[in-house]
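Protein chains in written order, with the numbering used here: chain A, 21 to 126; chain B, 17 to 336.
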């Protein structure tokens, strides 16, 4: 296994770990805003690491640039939709922010 | 070996997501699972080396149908709220009819499916692939992608009728208009926060979408792409700009809207008539068939984009 393949496997595994963390967050976090936070982390970093790992296997500058463009567009879409979902959740139930505040443990 | 494991996992995932979409208790969850199903099927097409179909499945099957279903779900819940005002907008529940699974119609349907599958498999073993006959004739068509050659040249009649079917779908949407609203602009007017996230997105993404659509259209001749895929990307970014409140559709009664909608199939049909007069129906002029094919694909993509956007926008509505 040459250096490129090892780097690809490492980067894509790290990306998959981020996606697993994001999915666990989606399933376990208490409210919409925390879940959005987890999902955007998974989208940006996880996809970025996977794209980076795949760039090392690409043949030619065109494929590398296309992978980078995919990552950029995915980040843009994820950030925009996270903002819009959070804003609509806030306008629907503005008291939920205080309701799911963390409980003080003594 | 790794490819086989991936294929088996993908097939299992497709069946699992399809079952989850059927058994989901909330309407929105079912729609989201359907979109995921569309993307997984697009991956399956990639594994089968049918990249043009994969592009079309991801764009139309997953993307556009998903938007249509989400819009329909929104209208359904608003309609339910209007009928029982005051009730909280609860997600629509669809109980899965487990008791009906063993009834006679279901059994007949399952038996028919199994019989059709067996027949298809037996036919696959007998007839050779038609692709072998197409490849030697490709140079005469001017394009080197066999899918585009079949769609636009050898079976151009089918593609012409497919676009006419799209216009029929648009006419079906138009037919749902109440009489007093006829001729107005389709869909609700959208607004977004000025200098907000959606407006920024709606200004930025159409630029990228335009380039991607042009690339899909151009690469359809040699690589993978084509008019339907490019038209769907154009429709998607136009709809995004419309949802950001940056553009507004033309009224249904306007002539330029109707010209835009029928531009593609009209040019295609004009080609057919010219061919019928000078040779045979839908025959490209001999000098540069590839160039005429690309010009037709461009016009078709514009028409497909217009029709798909209008279908998603919905019924003409009076702005209160």
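For every residue, glycine included, the Cβ atom is placed at its ideal position computed from N, Cα and C.
Checklist entry - Is there a Cβ from chain B that is less than 8 Å from the Cβ of residue 77(A)? => result Cβ-Cβ to chain B under 8 Å: no for residue 77(A).
Checklist entry - Identify the residues that DSSP records as bridge partners of residue 219(B): which are they? => result Partner(s): none; residue 219(B) has no beta bridge.
Item to check | residue 266(B), enclosing alpha helix (DSSP H) - first and last residue | outcome: Looking at the DSSP string, residue 266(B) is not in any alpha helix (DSSP H), and its letter there is neither H nor E.
Next on the checklist: Cutting at 8 Å between CB atoms, please list the residues of its own chain near residue 33(B), excluding the five before and the five after it.
Outcome noted: Excluding positions up to five away in sequence, the list reads 49, 52, 53, 56.
Next on the checklist: I need the DSSP call for residue 103(A), collapsed to helix, strand or coil.
Outcome noted: In this structure, residue 103(A) counts as helix in the three-state DSSP scheme.
Checklist entry - When you check each C-beta in the segment 99 to 115 of chain A against every C-beta of chain B, which residues fall closer than 7 Å? => result Residues 100, 103, 104.
Item to check | C-alpha distance - residue 233(B) paired with residue 245(B), whole-angstrom precision | outcome: Looking at the backbone, the Cα of residue 233(B) and that of residue 245(B) are separated by about 8 Å.
Item to check | DSSP state of residue 114(A) mapped onto helix, strand, coil | outcome: In the three-state reduction of the DSSP assignment, residue 114(A) falls in the coil class, being assigned neither a helical nor a strand state.
Item to check | Interface partners of residue 93(A) on chain B, CB under 7 Å | outcome: Within chain B, the residues near residue 93(A) are 224.
Item to check | Any C-beta of chain E under 8 Å from that of residue 96(A) | outcome: Included in the structure are the protein chains A and B, with no chain E among them.
Checklist entry - Can you give the beta carbon distance from residue 316(B) to residue 280(B), rounded, assuming they're within the 8 Å contact cut? => result At roughly 4 Å, the Cβ-Cβ gap stays under 8 Å, so residue 316(B) and residue 280(B) are in contact.
Checklist entry - For residue 232(B), which residues in chain A fall below 7 Å Cβ to Cβ? => result What residue 232(B) touches in chain A: nothing, since even the nearest Cβ is about 13 Å away.
Checklist entry - Hey, is residue 80(B)'s beta-carbon within less than 8 Å of any beta-carbon in chain A? => result With 8 Å as the cut-off, residue 80(B) does not count as an interface residue toward chain A.
Checklist entry - Between the C-alpha atoms of residue 51(A) and residue 93(A), what's the straight-line distance to the nearest angstrom? => result Spanning the two alpha carbons is a distance of roughly 26 Å.
Next on the checklist: I'd like to confirm the pairing. Which residues does DSSP put opposite residue 332(B) in its beta bridges?
Outcome noted: Looking at the DSSP assignment, residue 332(B) forms a beta bridge with 202(B).
Checklist entry - Using the C-alpha atoms, what's the distance from residue 61(A) back to residue 273(B)? => result Distance from the CA of residue 273(B) to the CA of residue 61(A), rounded to the nearest whole angstrom, comes to 43 Å.
Checklist entry - Does residue 22(B) come within less than 8 Å of chain A when only Cβ atoms are used? => result Not an interface residue.
Checklist entry - residue 47(A) lies in the alpha helix (DSSP H); which residues open and close that run? => result Residues 23 to 48.
Checklist entry - Can you give, in chain order, each stretch of the alpha helix (DSSP H) that sits fully within the segment 123 to 201 of chain B and has at least 4 residues? => result Correct list: 147 to 150, 154 to 157, 162 to 165, 172 to 190.
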